[in-house]
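This report concerns only the one structure given below.
2 protein chains.
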Amino acid sequence: MRATTIHAPRDIRLEDVPDPAIEAPTDAIVRVVAGCICGSDLWPYRGENPIDAGSTIGHECVGVVEEIGSEVRDVRRGDFVVVPFCQCDNTCVNCRAGITSACENQGWTSTGQGEYARVVHADGSLVATDGMPDDDLLPSLLTLSDVMATGWHAAVAAGVRPGGTAVVVGDGAVGLCGVLAASVMGAERVVALSRHEPRQEIARRFGATDVVAGRGEEAEEAVREITGGVGADAVLECVGTGQSMDTAFGVARPGATVGFVGVPHGVELPLRRMFGRNIGLAGGVAPVRRYLPELLDLVTSGRIEPGLVFDSTLPLEDVAEGYRAMDERRAIKVLLRP
Amino acid sequence: MRATTIHAPRDIRLEDVPDPAIEAPTDAIVRVVAGCICGSDLWPYRGENPIDAGSTIGHECVGVVEEIGSEVRDVRRGDFVVVPFCQCDNTCVNCRAGITSACENQGWTSTGQGEYARVVHADGSLVATDGMPDDDLLPSLLTLSDVMATGWHAAVAAGVRPGGTAVVVGDGAVGLCGVLAASVMGAERVVALSRHEPRQEIARRFGATDVVAGRGEEAEEAVREITGGVGADAVLECVGTGQSMDTAFGVARPGATVGFVGVPHGVELPLRRMFGRNIGLAGGVAPVRRYLPELLDLVTSGRIEPGLVFDSTLPLEDVAEGYRAMDERRAIKVLLRP
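Protein chains in written order, with our numbering: chain A, 381 to 718; chain B, 381 to 718.
Below you can see the structure in the form of structure tokens.
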């Protein structure tokens, strides 16, 4: 089959690789109907994460179950499924505690930007739609594989509550989904930090009541003004850099929690400030599977349309161009069709 | 009046200083009946915090209200009161959110190891007992000024729940009070990390179900064994050093929260581990006033006796010896009687 591989920084190729096969009786093989490029894929692309030259890349996809192992019971051939980027048995002690992303029998998709993906613990990981979804639902369903579930996790971790204020740091696809999550959870004021007009527009459609175009101290000042000098009740940190984390803690009110979902790179936490103002930090790798039933219902009922984060759709052959577009911020998020 | 002053590392003196006086109409002057030395006082004592030579030191005390400002309504002359180490108006936006330690009109006691203390926002800060307490209640009441409320805050921040497991890192007075708090809150297993027999004994009296004498990797291994390989549901970090913080995160299960109340010194957080395992950090300066009514009730009803952390009582004249005893870990916590 064809799948995307990475060879060096900015060297992305679509190559022939061996077809994935059932390796354990709990596996399934999914034919990818749509995959996409994640903000976190840009870390190795930019050479900021180590690269295993020639390895496949891509962890988000939706598709149709092509083959199942002998012990798979709940998922059937022909099911249309959302593939959580981290897979889980959904029965271990960590899964039962809701942290499916720390499953004791974890698996990861690595051919989401390819034609087929092997999923371990198919019954624990996959969630099927009720019949074949319409094509226009595809982008939103695809976001449930990672980006919408991750934005949702940021809001959960930050403790967004009805009537409260939420600030979202980061206007990437995850940040925008964080805006949507905070809005759905009933935050009265949802402040999006963004300097890019097309992203601001999506943030507003996702429920942002305020958009702040400044950065750093300027953004902090603006949030202070919006919140009557108090700071935000909940802060969603959706980038993972030192600067974004500083801003997140800078806008948080005493007693607030920063929910973080951006893989941290070069972050030094303002521990004294956290201590002095009782600002907590929670979050991490999103337990996608835990949120899937709820999010799937929100999408299929039409209450949310997170698929709007895809502002570019390319055939899989053009995956390298997709990376370039996201790297240069010409695209928010690129959907790939095999 | 006489009050304790610090001049340089290990240079503690009892000196004559000006009597505190009402400066604002919301102030009160409290005659100190009992004060004490805090673990955090050892930071400047050991030269690890800057010292303002000749300044008074000591922030924990209980006593009798001697004088009140013209706007003080709820507190009266002659009341026996607990003085929270950080004072608050109990009406500002942060106080109303429960973070009284980030009051917009904050005050700090600095002559708790002296004969009198000025308290700002007396109505917001002080909580009076119902009549004069018996002498044998004094130590427990004194712990409510800081150490018991701080241990309680660690347990609240860590999210201790009935039936769960809690690990307490630190066997100082705060850590021991954290054991007591976790036990009162209904944790089924409360694991105290301590290598010192007298402290282990108090931990057991405070409800520790398990005592682990190891440190670092050894302690982590022991906790893993106690928790069936899972790790603790809640971790109370009551020291504030890099090593104690590492241990705290090392024993936390995925999805757990580390509640931290030890002023951080030289701490670098294991951010990748926190992210990968969804382990949060919460806590900070304890909002003592918020917990006072509940804790006062627990003490006066005899349900808890946190005063057991005082294993030494000295006349105020011997305050320098008190510091030495705590510095050398000959005493857990020293009570001072003016």
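Note that the Cβ used here is the ideal one computed from N, Cα and C, for glycine as well.
- The three-state reading of DSSP puts Thr627/B in helix, counting H, G and I together.
- The beta-bridge partner set that DSSP reports for Leu560/B is empty.
- In the three-state reduction of the DSSP assignment, Gly492/A falls in the coil class.
- Between the region 397-404 of chain B and the region 433-453 of chain B there are three or more inter-stretch CB-CB distances shorter than 8 Å, so the stretches are counted as touching.
- Within the same chain, Cβ atoms closer than 7 Å to the Cβ of Gly594/A are found at Ala602, the five residues on either side in sequence being excluded.
- Under DSSP, Val499/A shares a beta bridge with Ala408/A.
- A contact is defined here as three or more CB-CB pairs under 8 Å, and the region 533-546 of chain B meets this definition with respect to the region 615-627 of chain B.
- Chain order gives no chain A residues near Leu522/B, where near means a beta carbon separation below 8 Å; the closest approach is about 24 Å.
- Here the region 658-671 of chain B lies against the region 664-679 of chain A, with 3 or more beta-carbon pairs under 8 Å apart.
- DSSP places Cys468/A outside both helix and strand once states are collapsed to three, so it counts as coil.
- With a cut-off of 8 Å on Cβ pairs, the region 475-490 of chain A is in contact with the region 430-440 of chain A, counting three or more such pairs.
- Between the region 384-395 of chain B and the region 693-709 of chain A there are fewer than three C-beta pairs closer than 8 Å, too few to call the two in contact.
- Inclusion of Ala408/B and Val455/B in the CB contact set at 8 Å is warranted, their separation being smaller than that value.
- Counting of Cβ neighbours within 10 angstroms places Glu708/A among the exposed residues, the total staying below 16.
- Taking Cys468/B as reference, the option from Ser505/B, Pro400/B, Ile479/B, Asp516/B with the minimal CA-CA separation is Ser505/B.
- At a C-beta separation below 7 Å, Arg657/A has these neighbours in chain B: Ala482, Gly664.
- Within chain B, not a single residue places a beta-carbon under 7 Å from that of Asn485/A; the smallest gap is close to 13 Å.
- Gln623/B sits exposed, since fewer than 16 C-beta atoms from the chains shown fall within 10 Å of its C-beta.
- Interface with chain B (8 Å Cβ-Cβ cutoff): Thr637/A is included.
- Residues of the region 452-480 of chain B that bring their beta carbon within less than 9 Å of a beta carbon in chain A comprise Val473, Asn474, Ala477, Gly478, Ile479, in sequence order.
- Exposure of Gly543/B is indicated by the presence of fewer than 16 other C-beta atoms within 10 angstroms of its C-beta.
- Among the CB atoms of chain B, one or more fall inside 8 Å of the CB of Met654/A.
- The beta carbons of Val679/B and Ser520/B sit closer together than 8 Å.
- DSSP, reduced to helix, strand and coil, places Ile606/B within a helical segment of the structure shown.
- Residues of the region 597-616 of chain A with a C-beta atom less than 9 Å from some C-beta of chain B are Gly608, Gly609, Val610, Asp613, listed in chain order.
- In this structure Ala700/B is in contact with Arg393/B, their Cβ atoms being roughly 7 Å apart against a cut-off of 8 Å.
- Using a Cβ distance threshold of 8 Å, Val507/A and Leu672/A count as a contacting pair.
- Contact of Leu672/A with chain B is not assigned, every C-beta pair being separated by 8 Å or more.
- With respect to chain B, the C-beta atom of Pro542/A has no partner C-beta closer than 8 Å.
- Cβ atoms of Leu518/B and Asp551/B stay farther apart than 8 Å, at about 23 Å.
- With a cutoff of 8 Å on beta-carbon distance, Ala612/B and Arg633/B are scored as near each other.
- Just measuring C-alpha positions, the residue of Thr480/A, Ala383/A, Asp514/A, Ser420/A sitting nearest Ser681/A is Asp514/A.
- DSSP places Gly635/A inside the beta strand (DSSP E), whose first and last residues are 632-640.
- One thing to note: Val647/B has its Cβ within 8 Å of the Cβ of Thr621/B.
- Note on Pro644/B: 16 or more other CB atoms within 10 angstroms of its CB, so buried under the neighbour-count rule.
- Excluding residues up to 5 positions away in sequence, Pro542, Gly543, Gly544, Thr545, Thr589 lie with their Cβ nearer than 8 Å to the Cβ of Glu568/A in the same chain.
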